[in-house]
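Read through the structure below, which is laid out as structure tokens, and then see the notes.
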Amino acid sequence: MAKLINKFTTFMRGSIIFLLIIDVIVAVGLIGISIEGFNTSVLVFGFTALLAAFLGYKFININTSSKNKLVLILIIGLSLRVLWLLNVNSIPTSDFKIIFDSAGNFINGDRSMFYGTSYFGRFPHLTIITLYMAFIRYMFPVSNLLIVKLINLICSILVLILIYYITNKLYMNKEYALKGALIGAIFPPFISYVGVFCSENLAMPFYLLSICLFLNAVQIKNKLRLYILCGVTLALGNLFRMVAVIVLVSYVIYILMYLRNKLFEKFKEISLLIASYAIIICIISSTLQILRITEYPLWKGSEPNITSVLKGTNYNSLGAWNAEDAKIIDDNIGNYEGLENLSKKIIRERLANTSFFKLGIFYLEKFSLVWSAGDCSGVLWSQKDVNENTIMFPVKELKNINIPLSTIFQIIYVLVLMLVLAGLFNKSTLKLIREINLFYLILCGYGLTYLITEAQPRYSYIISWVFIILAINGLNYIKIFRNSFVFSNEFL
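In our numbering, the protein residues as written are 29 to 520.
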């Protein structure tokens with residue numbers, strides 16, 4: 029069994045190394061492309077990022093408690109996020125506008141959007157964020173957009189605190205934990221999404237809190253209560269962004285492969301995790317149906333889930349949303365089984381009639397589409413439909429790729445990816461800290477999922493925090509390498 033686990037771990041890490049190298053190459057290429065949009069924002073963002081990093085480094089090395097240092101780093105993070113909110117006054121757009129407008133209709137007694145083949149009837153996983161928006165609009169009729177942004181801001185700071193705690197728990201080093209918080213403070217997706225009206229901002233703190241509880245559970249005795257709380261918090265995060273099942277599966281795999289408990293203990297822990305997670309989801313979903321707010325369960329609407337895979341296999345769009353597949357879906361949306369069978373048929377034909385070489389290239393391109401954008405398209409969603417004249421320092425839309433891309437954000441992201449890549453060669457830490465495999469499992473899980481389903485750079489935002497935690501292992505590797513180099517020179 030030990031040999032099998034070692035082989036699996038080696039394969040997992042090797043796969044991540046290969047894909048990260050591809051991702052870094054593409055991300056570096058995007059830096060070159062982004063120079064086309066050079067304007068004042070590049071200079072302003074660059075100066076601000078350097079100043080924030082410099083101050084953070086100084087704060088980490090001053091003679092005071094770790095708690096005080098963390099507060100200072102949080103102030104840096106808060107300042108950068110407030111500056112971004114002041115820079116661009118984002119508004120609900122695209123799917124987020126549908127959610128916001130539907131929330132207003134719900135307040136007025138209209139529930140039709142949750143029924144039949146209406147938008148949320150097709151995608152009931154967006155129900156909770158719509159009800160959340162309805163609550164905000166009801167409580168704050170005038171300043172509701174500002175309130176949503178303030179809540180996003182609070183959630184973003186909570187994410188930094190949780191990253192600090194997780195990093196400290198993982199590496200048992202407060203300096204590394206502070207560095208993790210600092211990277212999070214200047215991490216482009218965390219800044220650019222603070223003004224976006226997406227559910228990920230609310231889901232992320234719950235995801236990370238669940239990770240905290242899980243790490244505590246695997247490291248201490250009398251932990252069954254922690255597994256229950258872990259499942260509950262993950263379920264709450266899933267209600268806002270329904271991709272948490274990948275984290276749940278990662279928990280299960282980690283318990284089975286990396287914990288040294290007896291088989292019965294593992295079964296008990298897994299059962300508590302899954303049961304607590306499923307019960308919360310089922311109770312809330314059933315309650316909404318009983319109250320006749322929704323027609324369908326939160327996990328299954330009037331549009332089959334397989335349609336996401338259908339869009340994800342479209343070669344012409346690199347697996348992203350496309351008009352061709354959207355028309356197929358719209359033409360058959362009233363026939364659930366018919367649409368499901370038709371989607372499966374088209375998927376089989378696409379895969380069967382394509383060479384392995386072309387498939388390989390397609391999935392590498394699709395992987396890069398999701399994971400190579402330094403802001404996870406946060407700038408795009410922040411600036412979309414906003415008058416550019418009202419933005420103090422706008423990021424220019426690039427003609428080649430039709431999206432705004434910040435050179436500075438891209439550089440920061442590449443540096444983080446390179447640290448993650450370096451950490452994969454840190455054999456001493458990888459052997460010493462088994463819990464780090466959980467984060468590699470999570471990264472692999474989401475990477476595989478987004479290869480199968482519809483692709484968007486935004487989809488990587490919900491899990492982008494994993495790069496920060498894994499980047500610390502890269503910092504540790506650089507420190508070990510530097511110390512060994514200094515020792516060698518002294519010896520010579």
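Positions of the beta carbon are idealized from the N, C-alpha and C atoms, including for glycine.
Owing to the predicted nature of the structure, the values given are computational and were not obtained by experimental measurement.
Notebook entry, point to check: How about isoleucine 194 and cysteine 240: do their beta carbons lie closer than 7 Å?
Noted result: yes
Next item on the list: Just the C-alpha distance for tyrosine 474 and valine 494, rounded to the nearest angstrom, thanks.
Entry: 11 Å
Item checked: Distance between tryptophan 327 and tyrosine 364 (C-alpha atoms, nearest Å) -> 15 Å
Next item on the list: Establish whether the CB of isoleucine 431 and some CB of chain B are separated by less than 7 Å.
Entry: The chain labelled as chain B is not found in the depicted structure, where only one protein chain is given.
Item checked: Touch test, the region 426-438 against the region 392-408, Cβ-Cβ under 8 Å, three pairs minimum -> yes
Next item on the list: Let me know the secondary structure DSSP gives proline 152 once reduced to three states.
Entry: helix
Check: Could you give the distance in angstroms between the alpha-carbon of isoleucine 88 and the alpha-carbon of asparagine 342?
Finding: 48 Å
Note to self: Given a cut-off of 7 Å on the beta-carbon distance, is the pair phenylalanine 467 and isoleucine 497 in contact?
What the structure shows: yes
Next item on the list: Compare the beta carbon distance of tyrosine 305 and leucine 287 with 7 Å and say whether it is the shorter of the two.
Entry: no
Margin query: Distance check for phenylalanine 151 and lysine 31, CA to CA, integer angstroms please.
Written below: 43 Å
Margin query: With DSSP as the reference, identify every bridge partner of proline 432, one or two as the case may be.
Written below: Glu425
Next item on the list: Report the residue from Ala205, Met29, Asn369, Phe390 whose alpha carbon sits nearest the alpha carbon of asparagine 333.
Entry: Asn369
Check: Is serine 405 helix, strand or coil when you go by DSSP?
Finding: coil
Notebook entry, point to check: In or out: phenylalanine 519 buried (at least 16 other Cβ within 10 Å) or exposed?
Noted result: Note that phenylalanine 519 has pLDDT 48, beneath the 50 cutoff, so the model's placement of it is unreliable and the number below is only indicative. Exposed is the call here.
Checklist line | Straight-line Cα distance separating leucine 300 from lysine 251 | finding: 11 Å
Notebook entry, point to check: Do the region 385-400 and the region 413-427 make contact, defined as three or more Cβ pairs closer than 8 Å?
Noted result: no
Check: Cα separation between leucine 447 and methionine 141?
Finding: 45 Å
Next item on the list: Could you tell me whether the Cβ atoms of alanine 209 and isoleucine 104 are closer together than 7 Å?
Entry: no
Note to self: Beta-carbon within less than 7 Å of isoleucine 375's beta-carbon, same chain only, minus the 5 sequence neighbours each way: which residues are those?
What the structure shows: Val337, Leu338, Thr341
Next item on the list: Give the secondary structure of threonine 121 by DSSP, where H, G and I count as helix, E and B as strand, and everything else as coil.
Entry: coil
Checklist line | Nearest neighbour of tyrosine 143, chosen from Arg320, Ala348, Ser488, Ser314 [CA to CA] | finding: Arg320
Next item on the list: Please report how far the alpha carbon of alanine 81 lies from the alpha carbon of isoleucine 508, in whole angstroms.
Entry: 22 Å
Next item on the list: Report buried or exposed for phenylalanine 218, applying the criterion of at least 16 other Cβ atoms within 10 angstroms of its Cβ.
Entry: buried
Check: Hey, would you say serine 410 sits closer than 7 Å to valine 224, going by beta carbons?
Finding: yes
Note to self: What does the alpha-carbon distance come out to for the pair proline 120 and serine 130?
What the structure shows: 12 Å
Check: Relative to the C-alpha of tyrosine 221, which residue among Lys424, Ala380, Tyr255, Cys183 is closest?
Finding: Cys183
Next item on the list: Take the Cβ of valine 170 as the centre, count every other Cβ of all protein chains shown within 10 Å, and call the residue buried at 16 or more, exposed below.
Entry: exposed
Next item on the list: Name the residue from Ile256, Ala231, Met232 whose alpha carbon lies nearest to the alpha carbon of phenylalanine 242.
Entry: Ile256
Check: Going along the chain, which residues of its own chain have a beta-carbon closer than 7 Å to the beta-carbon of isoleucine 44, five neighbours each way excluded?
Finding: Leu452, Tyr468, Leu471, Cys472
Check: Nearest CA to the CA of tryptophan 112: which residue from Glu482, Arg486, Leu458, Val407?
Finding: Val407
Item checked: Residue from Lys95, Ala272, Ile157 with nearest C-alpha to phenylalanine 124 -> Ile157
Next item on the list: Please specify which runs of the alpha helix (DSSP H), each continuous and at least 4 residues long, are wholly inside the region 125-210, giving them in chain order.
Entry: 147-150, 155-167, 172-199
Notebook entry, point to check: For glutamine 247, which of Arg510, Ser314, Arg462 has the nearest alpha-carbon?
Noted result: Arg462
Check: Which full runs of the alpha helix (DSSP H) of 4+ residues lie inside the region 37-121, going along the chain?
Finding: 68-89, 94-115
Check: Out of curiosity, what's the CA-to-CA distance linking tyrosine 192 and leucine 236?
Finding: 11 Å
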